[in-house]
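Trainee: Chains S and E are the protein sequences, given in the same order.
Mapped onto the UniProt record's numbering, the consecutive letters of the first sequence carry residue numbers 1 to 334.
Mapped onto the UniProt record's numbering, the consecutive letters of the second sequence carry residue numbers 1 to 334.
Here it is: the structure, laid out below.
Number of protein chains: 2
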Amino acid sequence: MSSDLPLPAYADIEAAAQRIEAATIRTPLLENPRVNDRLGGRLLIKAEPLQRTGSFKFRGAYNFISQLSPDQRRAGIVAWSSGNHAQGVAEAARLLGTPATIVMPIDAPAIKVANTRASGAHVVTYDRIKDDREAIARGLAEREGRTAIPPYDHPWIIAGQGTIGPEIVDQAQSAGASLDAVIAPCSGGGLSSGIATAVKAISPGTQCFAAEPAGFDDLARSLATGTIQRNERLVGSFCDALLAPCPGNYTFALARKNLDGSLVATDDEVAGAMELAFREFKLVVEPGGAVGLACVLNGALPIQGRTVCVVCSGGNVDGEVFRAALATAARRTA
Amino acid sequence: MSSDLPLPAYADIEAAAQRIEAATIRTPLLENPRVNDRLGGRLLIKAEPLQRTGSFKFRGAYNFISQLSPDQRRAGIVAWSSGNHAQGVAEAARLLGTPATIVMPIDAPAIKVANTRASGAHVVTYDRIKDDREAIARGLAEREGRTAIPPYDHPWIIAGQGTIGPEIVDQAQSAGASLDAVIAPCSGGGLSSGIATAVKAISPGTQCFAAEPAGFDDLARSLATGTIQRNERLVGSFCDALLAPCPGNYTFALARKNLDGSLVATDDEVAGAMELAFREFKLVVEPGGAVGLACVLNGALPIQGRTVCVVCSGGNVDGEVFRAALATAARRTA
């Protein structure tokens with residue numbers, strides 16, 4: 001179904017913004033003068049952990065399901081996800097009265113599985129290494145007449161996630177800031193390509209970057225080679241939300257057009273970013289949600305004398321993992 | 001100087017709101033449908049950890065210093081505080097170009113001392129048990145011609161903290177909620193009495209409560225007896241920000257007039273509230289900032305079938321303490 005649709009443009013993101021406005025939270029843009037002093041630039045944090053379901057994924061999910069026909073909504077939807085898309089889809093489905101089945105990896109964070117169930121979704125688990133989650137989900141969709149909601153490679157999903165772009169530009173303007181660069185975490189690329197598509201349309205002088213975990217830099221390598229590259233491993237990053245095997249067709253096409261590059265941070269740098277978000281912004285950020293911030297703190301994206309907006313994309317992290325990240329960061333600075 | 005001023009009224013809070021508007025953050029009112037379902041009521045969280053300096057104290061400090069004469073501002077200010085008032089005063093002084101000296105307990109959280117210094121203030125330490133911090137500060141003020149800024153018992157401070165009240169009522173209205181009750185943490189009572197004064201003026205049907213740590217319930221006992229009661233101990237609560245020895249004269253007079261009571265929670269219940277704020281609201285709340293939430297979760301303030309706004313008043317907590325709180329909460333629910 002998605003193959004017929006053209007690449008999403010800024011007008012699609014504007015339409016998505018109207019569609020989701022009443023159901024979503026206009027998350028705040030946080031700033032801390034002390035941090036700015038230390039960095040020698042202006043750091044703005046778009047706080048998507050405060051979004052409904054604790055991550056940006058609710059935006060795309062709600063934009064998608066609200067475009068289904070009454071018949072499609074009655075028949076239900078199915079999605080596959082390591083956790084945040086699962087929660088976003090489950091909650092959007094609940095609000096829009098659609099039965100949801102979600103295919104999740106057996107090692108997904110407990111908090112993400114519990115929350116998906118709490119929104120009333122039926123959860124089916126799979127093994128990240130042995131099973132093909134998309135095949136399981138598409139099989140279910142076919143057998144039960146459900147609509148499959150892909151996690152990133154669909155124009156409706158990308159347009160939904162892209163709604164963060166105009167919010168950032170508008171909020172930065174209200175704060176008297178002119179944006180030199182925006183950076184957002186990247187797994188399959190729905191968030192980063194959606195935001196870049198919006199930002200380049202409204203503020204063409206602003207650079208747009210994706211951020212990936214070291215060793216899972218499929219987008220960086222895809223942009224470098226001009227063809228879609230896969231990650232060698234499918235497990236093993238601290239950033240559980242950023243383990244998509246490769247960019248999608250839609251997201252890669254948009255990334256080539258609108259992204260200025262994809263930057264990389266290590267797991268330890270991500271833990272340091274989570275600690276900074278905790279200490280200076282009082283915000284809980286999950287590992288995958290902090291990789292953009294890590295790319296500013298490790299110098300991959302220079303901030304000195306500039307204004308940089310970092311999207312912190314989610315905050316669904318188990319207490320044990322969060323405690324370990326704070327402990328890691330404390331050891332590094334001790 | 002403060003003894004000449006009348007009790008602050010709603011008009012003073014309105015004036016304070018105008019005075020501080022450009023310098024403060026209108027912190028968001030957070031809500032989570034899943035939490036509401038579980039509680040059987042509507043829980044709104046006023047997220048003051050996202051305030052400048054990480055707590056509500058900036059409001060009162062900025063309202064106070066901005067009313068000083070040019071001569072007084074040049075001569076500088078002095079304040080005594082376990083940490084959040086210190087940071088609020090230091091940052092407000094920096095913004096308004098006033099030299100600041102802050103008297104802090106030697107066992108104040110490291111993060112609070114470091115942040116106070118980072119705002120350019122001179123820090124003088126004291127011993128909570130042996131020394132009289134107010135005497136040290138007032139001595140300094142006299143010797144150096146500085147203005148002393150009390151942590152809570154002054155109409156300008158109370159009016160500044162009270163600005164949270166109209167924000168809550170306005171934001172609740174925007175969210176389609178009619179407030180049955182508001183609860184705010186209480187140490188000396190500036191926050192809770194200020195908010196209650198505003199809320200009772202705008203929304204007389206809304207109940208207003210203070211929240212105190214068990215064993216440090218000086219306000220609850222003062223309200224019960226009709227005279228100011230002191231805490232037996234000055235140290236030993238997990239809630240480092242809530243250790244004032246007794247209500248102030250202004251704050252107690254306002255509390256008697258406008259508060260419907262003061263509720264109590266144990267340290268373990270506070271740790272549980274910090275964990276809920278972490279898990280469901282992605283918000284870092286310090287122990288003293290979470291005692292109002294703890295009073296909802298422990299049933300002291302009933303929420304079933306009602307709408308309750310909880311002020312989470314600050315988020316300045318050391319990583320080690322936060323990790324310990326999450327671990328305590330995990331043990332309790334295991």
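Note that the Cβ used here is the ideal one computed from N, Cα and C, for glycine as well.
What you are looking at is a predicted structure, and each value in this text was computed from that prediction instead of being measured.
Kindly list the residues whose CB is nearer than 7 Å to the CB of S:ARG279, restricted to its own chain and excluding five residues on each side of it in sequence; keep chain order.
Mentor: Counting only Cβ-Cβ distances below 7 Å, and skipping sequence neighbours, we find nothing.
Trainee: For the stretch 230–254 of chain E, list every residue whose C-beta sits within 7 Å of some C-beta in chain S, in sequence order.
Mentor: Of all residues in the stretch 230–254 of chain E, none has a Cβ within less than 7 Å of some Cβ in chain S.
Trainee: E:PRO105 by DSSP, collapsed to three states: which one?
Mentor: strand
Trainee: At 8 Å on the CB atoms, spell out the chain E contacts of S:PHE278, in chain order.
Mentor: Residues of chain E with a Cβ closer than 8 Å to the Cβ of S:PHE278 are, in chain order, VAL284, GLY319, PHE322.
Trainee: Alpha helix (DSSP H) containing E:GLY319: first to last residue?
Mentor: 319–333
Trainee: Within 10 angstroms of its Cβ, does S:MET1 collect 16 or more other Cβ (buried), or is it exposed?
Mentor: Confidence in S:MET1 is poor, its pLDDT being 43 and thus under 50, which makes the residue's placement unreliable; the coordinate value appears in the next sentence. Exposed is the call here.
Trainee: For the stretch 193–259 of chain E, list the alpha helix (DSSP H) runs that are entirely contained and at least 4 residues long, ordered along the chain.
Mentor: 218–225, 249–258
Trainee: Does the beta carbon of S:GLY315 come closer than 8 Å to any beta carbon on chain E?
Mentor: Chain E, which has a Cβ nearer than 8 Å to the Cβ of S:GLY315, makes this yes.
Trainee: Per DSSP, E:PRO70 is paired with what?
Mentor: The partner list for E:PRO70 (beta bridge, DSSP) is empty, contrary to what the question assumes.
Trainee: Along the chain, which unbroken stretches of the alpha helix (DSSP H) at least 4 residues long are found entirely within the stretch 274–309 of chain S?
Mentor: 291–297
Trainee: Just to confirm my understanding: we take E:GLN171, look at its own chain, exclude 5 residues before and 5 after, and list those with CB closer than 6 Å. What are they?
Mentor: LEU29
Trainee: By a C-beta neighbour count over all protein chains shown, 10 Å radius and 16 as the cutoff for buried, is S:LEU301 buried or exposed?
Mentor: Buried.
Trainee: Relative to the alpha-carbon of E:SER237, which residue among E:GLY97, E:ALA329, E:ALA271 has its alpha-carbon at the smallest distance?
Mentor: E:ALA271
Trainee: Can you look up S:ALA129 in the DSSP assignment and give me helix, strand or coil?
Mentor: It should be pointed out that residue 129 of chain S corresponds to Ile in this sequence rather than to Ala. Correct three-state label for S:ILE129: coil.
Trainee: Using 8 Å as the threshold, is the C-beta distance between E:ALA241 and E:GLU286 below it?
Mentor: yes
Trainee: For S:GLY194, which residues of its own chain have a beta-carbon under 6 Å away from its beta-carbon, when the five flanking residues on both sides are left out?
Mentor: ILE158, GLN161, GLY162
Trainee: Using a cut-off of 8 Å between C-beta atoms, extract the partners of residue 421 of chain S located in chain E.
Mentor: Nothing can be reported for residue 421 of chain S: it is not among the residues displayed for chain S, which extend from 1 to 334.
Trainee: Measure the Cβ-Cβ separation of E:VAL311 and E:ILE183 and say whether it is below 8 Å.
Mentor: If you check the CB distance, E:VAL311 and E:ILE183 come in under 8 Å.
Trainee: Which of helix, strand or coil does DSSP assign to S:THR147?
Mentor: strand
Trainee: At least one CB of chain S closer than 8 Å to the CB of E:ALA327: is that the case?
Mentor: yes
Trainee: Using CA coordinates, which residue listed in S:ALA210, S:VAL308, S:ARG117 is at the minimum distance from E:ARG34?
Mentor: S:ARG117
Trainee: Looking only at its chain, what residues have a beta carbon closer than 8 Å to the beta carbon of S:VAL264, apart from the 5 residues adjacent to it on each side?
Mentor: ALA211, GLU212, PRO213, ALA214, ASP217, ALA220, CYS295, ALA300
Trainee: Does chain S have any CB closer than 8 Å to the CB of residue 338 of chain E?
Mentor: Outside the displayed range of chain E (1 to 334) lies residue 338 of chain E, so it cannot be described from this structure.
Trainee: So, for E:PHE281: in the same chain, excluding its five sequence neighbours on each side, which residues have a beta-carbon less than 7 Å away from its beta-carbon?
Mentor: LEU30, ASN32, ILE45
Trainee: Give the residues of chain S in contact with E:ILE45, contact being defined as C-beta atoms less than 9 Å apart.
Mentor: Those within 9 Å of E:ILE45 in chain S number zero; the least Cβ separation is about 10 Å.
Trainee: Does E:GLU275 have its Cβ less than 8 Å from a Cβ in chain S?
Mentor: It does; some Cβ of chain S falls within 8 Å.
Trainee: Between E:GLY54 and chain S, is there a C-beta pair that is closer than 8 Å?
Mentor: yes
Trainee: Reducing DSSP to helix, strand and coil, say where E:ARG42 ends up.
Mentor: strand
Trainee: Given this structure, state the Cα-to-Cα distance separating E:GLY188 from E:SER82, to the nearest angstrom.
Mentor: One alpha carbon belongs to E:GLY188, the other to E:SER82, and they sit about 12 Å apart.
Trainee: Should S:SER119 and S:ALA75 be called a contact, given that it needs their Cβ atoms to be closer than 8 Å?
Mentor: No, these two residues do not count as a Cβ contact at 8 Å.
Trainee: Considering only the alpha carbon of each residue, which of S:ALA108, S:ASN316, S:GLY54, S:LEU39 lies closest to S:LEU243?
Mentor: S:ALA108
Trainee: Listing by chain order, which chain S residues have their CB less than 8 Å from the CB of E:LEU30?
Mentor: Result: LEU50.
Trainee: Are the C-beta of E:ILE168 and some C-beta of chain S separated by less than 8 Å?
Mentor: E:ILE168 has a beta carbon lying at 8 Å or more from every beta carbon in chain S.
Trainee: Between the alpha carbons of S:PRO180 and S:ASP260, how many angstroms are there, rounded?
Mentor: Reading off the sequence, residue 180 of chain S comes out as Asp, not Pro. S:ASP180 and S:ASP260: Cα-Cα distance of roughly 12 Å.
Trainee: S:ALA330 touches chain E at which residues, Cβ-Cβ below 7 Å?
Mentor: GLY319
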